[in-house]
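Down below is the structure, laid out as structure tokens.
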Amino acid sequence: MATAPFIPETAPFTPDQRAWLNGFLAGIFAEPAAATQPEVVSLNIAVLYASQSGTGEGLARKVMKELKAKGHTVALASLDSYTPTALAKDEYAIIIASTYGEGEPPESVRPFYDQLCLETAPRLDKLSYTVLALGDKTYEQFCKFGVDLDERLQTLGANRMSHRVDCDVDLDEAFATWKTSFISRLDEIAGSDKSRSAATMATVITMPSTNAATPAQTHTRDNPFRAPLVEKKMLTKDVSSKLTLHMALSIADSKVHYEAGDACGVIPQNDPGLVAQILDGLKFSGDEQVEVAKVGAISLYNALIDSLQVTRLSRKLVQAYAAMGNCQHLLDLLVPEQQAHFDKYIYDRGVIDLLTEYPGVITDPSDLVAMLPRLTPRLYSISSSPLAHAGEVHTTVAVVRYRSHNMERGGVCSTMFADRTSIGDALPIYIQPNKKFRLPQDTDTPIIMIGPGTGIAPFRAFLHERRALGSKGRNWLFFGERSAKTDFLYKSEIEEMLAGKHLTLLDTAFSRDQEHKIYVQDRMLEQASAFWHWLQDGASIYVCGDASRMAKDVDAALHTIAERQGHLDHEAARDYVLRLKEENRYHRDVY
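First residue of the sequence shown? That's 1 in UniProt numbering, and the numbers climb one at a time after it.
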């Protein structure tokens, strides 16, 4: 029997890596056991994801690790880097698809899906696949992209190895069910015997990473870091019709790390005043013990404060409430023909409205808990640079307040920041990486940033980051808000960077400072010639902010600039913008 070699302590590895390598070598040189059972067949499997905020990618990585541990050869990829032709060559594909906006694919995945829907798309007869669709049931088009993708794959001849599962925001149970189903099917294909020799196992274990620049996040949504608030200031003037806050949280001496372009997830709490109204409407004390998934037995009050969504209504919630109380008006709204009226009803109502308009339905606290979805984190684009603001993470928060149905209302997290958080308070946070919204690796590359309102947040981070790096690339910012006097966010910083030539160009669009409203897309068209020249010089474009109108209007303006300045017809302009995306030069972080 051969003597196993070993890695000396002087080798350039960490203790964990050295221990792993020594175990790996010992397994290779160990005397093989008698082969009494057949080996499992190793399958070539593509694990693909379409992710907007990173949830899909995280789940895909879990799937990849589990399949590798079973001995399969696994390729992990985002659909934005995939093509239908590549998919046609695969035999097995595990697909995790997030729905974005109004039932659409994630922004970066649209080119792939558009190609897949062409009449010239390749047949997928050799492909066996399964889809996990991610969505949010508070939106009408729940999981629509995952549904559409699943149906399109079938149309092209692909075979389902297990049924699609549609997941709401609280997805752990559905994800586990889906994973069990397709892994069971793969086990059938590969052979039911799971035993393997130590050498076979060694070939499928991934060596610990040596990349110190991108360490794994220690703190996550389920294990947040409690970051003390060290700065809170108004960015808008008192007379403004809006309130926008700058928030700085300390991550000093923690393992929290981020890059410019990432988002900060905040675990919010509901307004105690609203919770008191709900309890009063139910005639409950709040001391009643209830069971909450992933939390355990807690008081009803704590469940409503920390764990359950109470400010928004969904079809599922209204359906359950209407059925329990036999509320005829609600039941009438739930029929498909009344969809428009149903959407209008739930638009600006919450749980308190159901309790007020249809009292006496809930008599058992556990029934209420069963109806309510989980309170989800809120994501804010980070407005700081880890190089320029060491030990801190900054966010830019527009405080949401409005009145409807004779009640003052507000955003769950933004009003928590504004009304119920003081300097020194510790907030539970985690970092949500956004790898598709990064500065160019070449620091000489010019960038064009388009961010009205709080969309300026990542661009403040970009500007500070580039200055800290000593980047020579030109920087052009388009910023818009209501009025220059009251709503010019980070005005002094921006003007200082402009005066110092770090910010090369600044175009502002203050919509209410003149009779006719002006927006950032109007400024783009006014500067069309210069904009086109920057693109010809290799500039990358970044857009951040409202998805429903602004991002669409900016995209339309970009197409118009390509048509007019590039002398392109409509189809050629569309192809040009598509190439910008494919070349990683057109980035959108919209919500």
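Virtual Cβ for every residue (Gly too), placed ideally from N, Cα, C.
task = Jot down the residue ranges of each uninterrupted beta strand (DSSP E) in the stretch 398 to 441, minimum 3 residues, whole runs only, in chain order.
result = 401 to 404, 407 to 410, 426 to 432
query = Which term fits Gly-56, buried or exposed, when burial requires 16 or more other beta carbons within 10 angstroms of its beta carbon?
reply = Along the sequence shown, read from residue 1 onward, the residue named residue 56 stands at position 56. Gly-56 comes out buried.
task = Let me know the beta strand (DSSP E) ranges lying completely inside the stretch 351 to 400, each 3 residues or longer, listed in chain order.
result = 378 to 381, 392 to 398
Simplified DSSP state of Arg-564, which is helix, strand or coil = Taking the sequence shown and counting its residues from 1, the one referred to as residue 564 is at position 564. Three-state result, Arg-564: helix.
query = Pick from Gln-52, Gly-54, Ser-53, Ala-88: whose alpha carbon is nearest that of Ala-46?
reply = Here residue 46 refers to the residue found at position 46 when the sequence shown is read from its first residue. For Ala-46, the nearest C-alpha among the options comes from Ala-88.
His-246 classed as buried or exposed, judged by whether at least 16 other C-beta atoms fall within 10 angstroms = As a position in the sequence shown, residue 246 is number 246, starting the count at 1. Answer is buried; the Cβ neighbour count reaches 16.
task = List the residues that DSSP assigns as beta-bridge partners of Val-290.
result = Here residue 290 is taken as the residue at index 290 of the sequence shown, counted from 1. Bridge partners of Val-290: Ile-298.
task = Give the DSSP bridge partners of Thr-220, in chain order.
result = For the purposes of this step, residue 220 is identified with residue 220 of the sequence shown, where counting begins at 1. The partner list for Thr-220 (beta bridge, DSSP) reads Asn-223.
message = If the criterion is Cβ atoms closer than 8 Å, does the pair Tyr-430 and Thr-220 meet it?
response = Start at 1 with the first residue of the sequence shown, and residue 430 comes out as number 430. Start at 1 with the first residue of the sequence shown, and residue 220 comes out as number 220. Cβ distance < 8 Å, so Tyr-430 and Thr-220 count as in contact.
message = Please classify Thr-236 as buried or exposed, where buried requires at least 16 other C-beta atoms within 10 Å of its C-beta.
response = For the purposes of this step, residue 236 is identified with residue 236 of the sequence shown, where counting begins at 1. By the 10 Å Cβ count, Thr-236 comes out buried.
message = Quick check on Arg-460: does DSSP put it in helix, strand or coil?
response = Within the sequence shown, the letter at position 460 stands for residue 460. DSSP places Arg-460 in helix when its eight states are reduced to three.
query = Could you give the uninterrupted runs of the beta strand (DSSP E) lying entirely in the UniProt domain "Flavodoxin-like" (45 to 183), keeping only those of 3 residues or more?
reply = 73 to 78, 92 to 98, 128 to 134, 165 to 167
inquiry  = For Thr-210 and Ser-381, I'd like the C-alpha separation in whole angstroms.
reply    = Translated into positions along the sequence shown, residue 210 becomes position 210. Translated into positions along the sequence shown, residue 381 becomes position 381. Low confidence applies here, because Thr-210 scores a pLDDT of 34, under 50, leaving its location unreliable and the question unanswered by this model.
query = Taking the C-alpha atoms as reference points, what is the distance between Ala-33 and Gly-71?
reply = Translated into the one-based positions of the sequence shown, residue 33 becomes position 33. Translated into the one-based positions of the sequence shown, residue 71 becomes position 71. In this predicted model, Ala-33 has a pLDDT of only 44, less than 50, meaning its place in the structure is not dependable; the value taken from the coordinates is given anyway. If you take the alpha carbons of Ala-33 and Gly-71, they lie about 18 Å apart.
inquiry  = Between Lys-552, Ala-547, Lys-436, which has its C-alpha nearest Asn-584's C-alpha?
reply    = As a position in the sequence shown, residue 584 is number 584, starting the count at 1. Considering only alpha carbons, the answer is Lys-436.
inquiry  = Classify Leu-439: buried if its beta carbon has 16 or more other beta carbons within 10 angstroms, exposed otherwise.
reply    = Against the sequence shown, residue 439 aligns to sequence position 439. Buried, because 16 or more other Cβ atoms sit within 10 Å of the Cβ of Leu-439.
task = Report yes if the C-beta distance between Ile-386 and Tyr-258 is below 8 Å; otherwise report no.
result = Within the sequence shown, numbered from 1, the residue matching residue 386 stands at position 386. Within the sequence shown, numbered from 1, the residue matching residue 258 stands at position 258. The identity of residue 386 in the sequence shown is Pro, whereas the question assumes Ile. For Pro-386 and Tyr-258, yes; Cβs fall inside 8 Å.
ask   = Pro-446 by DSSP, collapsed to three states: which one?
value = By one-based count along the sequence shown, residue 446 stands at place 446. Three-state result, Pro-446: coil.
query = Using a Cβ-Cβ cut-off of 8 Å (strictly less than) and excluding sequence neighbours within five positions of Leu-279, which residues of its own chain qualify?
reply = The residue given as residue 279 occupies position 279 in the sequence shown. The residues are Ser-285, Gly-286, Leu-300, Tyr-301, Leu-304.
ask   = Of the residues Arg-482, Leu-558, Ala-573, which one's Cα is nearest the Cα of Lys-242?
value = Your numbering for residue 242 matches position 242 in the sequence shown. Considering only alpha carbons, the answer is Arg-482.
task = Quick one: residues in its chain with C-beta nearer than 7 Å to the C-beta of Glu-91, no 5 flanking neighbours on either side, listed in chain order?
result = Residue numbering aside, residue 91 sits at position 91 when the sequence shown is read from its first letter. The residues are Asn-44, Lys-126, Leu-127, Ser-128.
message = Distance check for Ser-78 and Lys-294, CA to CA, integer angstroms please.
response = Locating residue 294 in the sequence shown gives position 294, where the first residue counts as 1. Locating residue 78 in the sequence shown gives position 78, where the first residue counts as 1. Using only the alpha carbons, I get a separation of about 30 Å.
query = Taking Arg-378 as the reference, which of Asp-364, Pro-365, Thr-396, Ala-390 has the closest Cα?
reply = Looking up residue 378 in the sequence shown gives position 378. Ranking Asp-364, Pro-365, Thr-396, Ala-390 by Cα distance to Arg-378 puts Thr-396 first.
ask   = According to DSSP, what are the bridge partners of Gly-500?
value = As a first step, residue 500 must be located in the sequence shown, where it is residue number 500. Note: Gly-500 sits in no beta bridge, so no partner.
request  = Report buried or exposed for Ala-133, applying the criterion of at least 16 other Cβ atoms within 10 angstroms of its Cβ.
outcome  = Within the sequence shown, numbered from 1, the residue matching residue 133 stands at position 133. Ala-133 comes out buried.
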